[in-house]
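Asks:
2 protein chains.
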Amino acid sequence: MSDTKNTPAPAPIPGANKVPKTERGRRTLRALLNAAAEEFGEKGFHDAAISQITARAGVATGSFYVYFDSKEAIFQALVRDLSGQVKDFVAPRIAAAPDQIAAEQAGQLAYLEFVRQHKEIYRIIDESEFVDPAAYREHYTKSATRIAARLQSAMERGEISEGDCEVRAWALMGINVFLGLRYGVWGDEAPEDVVREAGRFITEGLARREEKP
Amino acid sequence: MSDTKNTPAPAPIPGANKVPKTERGRRTLRALLNAAAEEFGEKGFHDAAISQITARAGVATGSFYVYFDSKEAIFQALVRDLSGQVKDFVAPRIAAAPDQIAAEQAGQLAYLEFVRQHKEIYRIIDESEFVDPAAYREHYTKSATRIAARLQSAMERGEISEGDCEVRAWALMGINVFLGLRYGVWGDEAPEDVVREAGRFITEGLARREEKP
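Chains as they are written, first to last, in this note's numbering: chain A, 1 to 213; chain B, 214 to 426.
Okay, here's the thing in structure tokens:
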């Protein structure tokens, strides 16, 4: 799994005017993004207000404009920040798995746990389709590219069957997103049970296993 | 497949004030819904206008208000109408398949073909999450319930492996929706190739098939 173990250093956030250089600046930017996730998640883009974001974050309005020019700019930064948060939460669990089949199941469980704790992520990513279509497309295209790359490596190592890794990446992403919607955002079934069932499907498909005679 | 063969008669459209009793009325309602799909698909809910819907449909404004009270009402009707159109397009192809594994692949190919011809469906269904959350949830919950029921029957007939049919239904729906987004709305790869690859994944999963020694 060495190809997935290199976690990149935190990158500048697209949409933000500048990268904070001090610890205090980093805390302010983080507080603004967390507050934006709450505000956009609860109210949606159109009803969200910069004044409410700064109030939730406990920072002055001036601090907002140090980092962002507009409500659109912080929304754009938030979509990329949430994408990055999912990746950072899930990647170490994938990297720690002994093989790719186990890795996909570990990734799925981690994703479901993340969604449980951040239910607002669905509303925000989904709304980006309308507020910032490029960010929406980038979120899914980047995720699929990441999944396809790890499937391709696993296929070359002989850990999974031969097949088109891009198609299977989009299929796996679809499974994760819809199980996350059903069992993370809408329902509260035990994620382990859901992932065990889904893992069996991802591993063996729907085909009936022939009993030994 | 007898359990999936009963296609219900056209139901009254929720959101519409009345069911047309004449052929002319049915044509007007259909023209309004088709025009609404174009208008909402191109402009989104907020920028869409009733006057543009009636102009596209070639009907008088008064005719609009025979069937709908508002832009919200026709949007709500449209989401349910599109749900029904997908179902009506896909169901016969599923019913004609010799077994459930073939049925899921036939359904997936039919869905991808439908999306190619109706790319606006994604924007409209996705926007319903914000304009009419109940319609959004109903769209996916009803689809998953339908898929789970046919998997359950197939499991009882011994055509697919044992497993939780609800989890597998949401997984299959996720695969269809995301392959539809990638290869139906965004890309133009041959749907047969995509579905053949996806079908192999759905049938056999990622596990490596052991070669006979």
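Don't be surprised by glycine CBs; every beta carbon is placed ideally from N, CA and C.
1) Since Glu410 of chain B contacts Ser161 of chain A with CB under 8 Å, what's their CB separation in whole angstroms?
2) Whose C-alpha, out of A:Arg116, A:Phe114, A:Trp170, is nearest the C-alpha of Tyr140 of chain A?
3) Out of A:Leu29, A:Glu104, A:Gln117, point me to the one whose CA is closest to Thr54 of chain A's CA.
4) Please check if any C-beta of chain A sits within less than 9 Å of the C-beta of Ile360 of chain B.
5) Would Gly412 of chain B pass as a contact of Ile314 of chain B if the rule is Cβ separation under 9 Å?
6) Counting contacts by CB-CB distance shorter than 9 Å, is Gly320 of chain B in contact with chain A?
7) Identify which residue in B:Ala273, B:Ala261, B:His259 has its Cα closest to the Cα of Ala244 of chain B.
8) When the Cα of Pro191 of chain A is compared with those of A:Val115, A:Ala149, A:Ile121, which residue comes out closest?
9) Is Val380 of chain B close to chain A? Criterion is C-beta to C-beta, closer than 9 Å.
10) Mark Ser223 of chain A as exposed unless 16 or more other C-beta atoms lie within 10 angstroms of its C-beta, in which case mark it buried.
11) Quick check on DSSP: helix, strand or coil for Ile160 of chain A?
12) How many Å lie between Glu255 of chain B and Glu333 of chain B at the Cα?
13) Between which residues of its own chain and Ala357 of chain B is the CB-CB distance below 8 Å, once the five residues before and five after are set aside?
14) Using a Cβ cut-off of 9 Å, pull out every chain B residue sitting near Gly44 of chain A, in sequence order please.
15) Given that Ser374 of chain B touches chain A, what residues does it touch there, using C-beta distances under 9 Å?
16) Starting from Lys119 of chain A, trace the alpha helix (DSSP H) in both directions and tell me its first and last residue.
17) At the 9 Å Cβ level, is Gly297 of chain B part of the contact set with chain A, yes or no?
18) Going along chain B, which residues have a C-beta under 7 Å from Gly184 of chain A?
19) Run through chain B and tell me which residues come within less than 7 Å of Asp164 of chain A, C-beta to C-beta.
20) In whole angstroms, what separates the C-alpha of Tyr67 of chain A from that of Tyr111 of chain A?
21) Kindly indicate if chain B contains any beta-carbon less than 9 Å away from that of Val90 of chain A.
22) Which word fits Gly320 of chain B, buried or exposed, when buried means at least 16 other C-beta atoms lie within 10 angstroms of its C-beta?
23) Could you pull out every unbroken alpha helix (DSSP H) segment of at least 4 residues lying fully inside the segment 234–320 of chain B, listed in chain order?
24) Could you tell me whether any Cβ in chain B is nearer than 9 Å to the Cβ of Ala144 of chain A?
25) Could you compute how far the alpha carbon of Arg363 of chain B sits from the alpha carbon of Ala229 of chain B?
26) Name the chain A residues whose beta carbon is nearer than 9 Å to that of Glu351 of chain B?
27) Comparing alpha-carbon positions, which option in B:Lys355, B:Asp312, B:Val303, B:Gln318 lies nearest Val195 of chain B?
28) At 7 Å on the CB atoms, spell out the chain A contacts of Asp339 of chain B, in chain order.
29) Using a Cβ-Cβ cutoff of less than 8 Å, which residues in the same chain neighbour Val303 of chain B once the five nearest sequence positions on both sides are dropped?
30) Which of the residues in the segment 25–36 of chain A, read from start to end, lie with their CB under 9 Å from any CB of chain B?
31) Hey, does Gln100 of chain A have any beta-carbon neighbour from chain B nearer than 9 Å?
32) Val407 of chain B versus chain D: which residues are under 7 Å apart at the beta carbon?
33) Would Val115 of chain A count as contacting chain B if we go by Cβ distances under 9 Å?
34) At a CB-CB cut-off below 9 Å, which residues of chain A make contact with Leu392 of chain B?
35) Have a look at Arg209 of chain A and Val194 of chain A and give me their C-alpha separation to the nearest angstrom.
Replies: Answer, in terms of the structure:
1) Here the question's residue 410 of chain B lines up with position 197 in the second sequence. Here the question's residue 161 of chain A lines up with position 161 in the first sequence. Actually they do not touch by this definition, with Cβ atoms about 11 Å apart.
2) Along the first sequence, read from residue 1 onward, the residue named residue 140 of chain A stands at position 140. The option with the nearest alpha carbon to Tyr140 of chain A is A:Trp170.
3) The residue labelled residue 54 of chain A in the question sits at position 54 within the first sequence. Per the C-alpha coordinates, the member of A:Leu29, A:Glu104, A:Gln117 positioned closest to Thr54 of chain A is A:Leu29.
4) Residue 360 of chain B sits at position 147 when you count from the first residue of the second sequence. Taking Cβ atoms only, chain A never reaches closer than 9 Å to Ile360 of chain B, which makes this a no.
5) Translated into positions along the second sequence, residue 412 of chain B becomes position 199. Translated into positions along the second sequence, residue 314 of chain B becomes position 101. Contact: yes.
6) As a position in the second sequence, residue 320 of chain B is number 107, starting the count at 1. With 9 Å as the cut-off, Gly320 of chain B does not count as an interface residue toward chain A.
7) Taking the second sequence and counting its residues from 1, the one referred to as residue 244 of chain B is at position 31. Ala244 of chain B has its Cα closest to that of B:Ala273, out of B:Ala273, B:Ala261, B:His259.
8) Counted from its first residue, the first sequence places residue 191 of chain A at position 191. Among A:Val115, A:Ala149, A:Ile121, the Cα nearest to that of Pro191 of chain A belongs to A:Val115.
9) Position 167 of the second sequence, counted from the first residue, corresponds to residue 380 of chain B. Interface criterion met: the Cβ of Val380 of chain B is under 9 Å from a Cβ in chain A.
10) Since the first residue shown for chain A is 1 and the last is 213, residue 223 of chain A is missing from the structure and cannot be characterised.
11) In the first sequence, residue 160 of chain A corresponds to position 160, counting from 1. If DSSP states are grouped into helix, strand and coil, Ile160 of chain A belongs with coil.
12) Within the second sequence, numbered from 1, the residue matching residue 255 of chain B stands at position 42. Within the second sequence, numbered from 1, the residue matching residue 333 of chain B stands at position 120. In this structure, the alpha-carbon of Glu255 of chain B lies about 7 Å from that of Glu333 of chain B.
13) Residue mapping note: residue 357 of chain B aligns to position 144 of the second sequence, counting from 1. Contacts found: Glu379, Ala382, Trp383, Met386.
14) Taking the first sequence and counting its residues from 1, one reaches residue 44 of chain A at position 44. Going along chain B in sequence order, the residues near Gly44 of chain A (Cβ under 9 Å) are Phe343.
15) Reading the second sequence from its first residue, position 161 is the one you call residue 374 of chain B. Within chain A, the C-beta atoms nearer than 9 Å to that of Ser374 of chain B come from Arg200, Phe201, Glu204, Gly205, Leu206, Ala207, Arg208, Arg209, in chain order.
16) Counted from its first residue, the first sequence places residue 119 of chain A at position 119. No alpha helix (DSSP H) holds Lys119 of chain A; DSSP gives it neither H nor E.
17) Counting from 1 along the second sequence, the entry for residue 297 of chain B is found at position 84. So, not an interface residue.
18) Taking the first sequence and counting its residues from 1, the one referred to as residue 184 of chain A is at position 184. In chain order: nothing, as chain B lies at least about 11 Å away.
19) On the first sequence, residue 164 of chain A is found 164 positions in, with the first residue counted as 1. Below the 7 Å Cβ cutoff, chain B contributes Glu410 as neighbours of Asp164 of chain A, in chain order.
20) For the purposes of this step, residue 67 of chain A is taken as the residue at position 67 of the first sequence. For the purposes of this step, residue 111 of chain A is taken as the residue at position 111 of the first sequence. Cα to Cα, Tyr67 of chain A sits roughly 29 Å from Tyr111 of chain A.
21) For the purposes of this step, residue 90 of chain A is identified with residue 90 of the first sequence, where counting begins at 1. So, not an interface residue.
22) Numbered from its first residue, the second sequence carries residue 320 of chain B at position 107. Counting Cβ neighbours within 10 Å, Gly320 of chain B comes out buried, since at least 16 surround it.
23) Scanning the segment 234–320 of chain B for uninterrupted alpha helix (DSSP H) segments of 4 residues or longer gives 236–260, 263–270, 274–280, 284–308, listed from N- to C-terminal end.
24) Against the first sequence, residue 144 of chain A aligns to sequence position 144. Yes, Ala144 of chain A counts as interfacial toward chain B.
25) The sequence position of residue 363 of chain B within the second sequence is 150, counting from 1. The sequence position of residue 229 of chain B within the second sequence is 16, counting from 1. Near 30 Å, if we compare the C-alpha coordinates of Ala229 of chain B and Arg363 of chain B.
26) As a working mapping, residue 351 of chain B is identified with position 138 in the second sequence. Chain A residues near Glu351 of chain B: none, gap ~12 Å exceeds 9 Å.
27) The structure shown does not extend to residue 195 of chain B, since chain B spans only 214 to 426, so no value can be given for it.
28) Indexing the second sequence from 1 puts residue 339 of chain B at position 126. Those within 7 Å of Asp339 of chain B in chain A are Asp126, Glu129.
29) If you number the second sequence from 1, residue 303 of chain B lands on position 90. Here the set comprises Gly320, Ala323, Tyr324, Phe327.
30) none
31) Start at 1 with the first residue of the first sequence, and residue 100 of chain A comes out as number 100. Gln100 of chain A counts as touching chain B.
32) Here chain D cannot be found, since the structure's protein chains are A and B.
33) Position 115 of the first sequence, counted from the start, is the residue given in the question as residue 115 of chain A. Closer than 9 Å: no.
34) Position 179 of the second sequence, counting from 1, holds the residue named residue 392 of chain B. Per Cβ cutoff of 9 Å: Val167, Trp170, Ala171, Gly174.
35) Position 209 of the first sequence, counting from 1, holds the residue named residue 209 of chain A. Position 194 of the first sequence, counting from 1, holds the residue named residue 194 of chain A. Rounded to whole angstroms, Arg209 of chain A to Val194 of chain A spans 21 Å at the Cα level.
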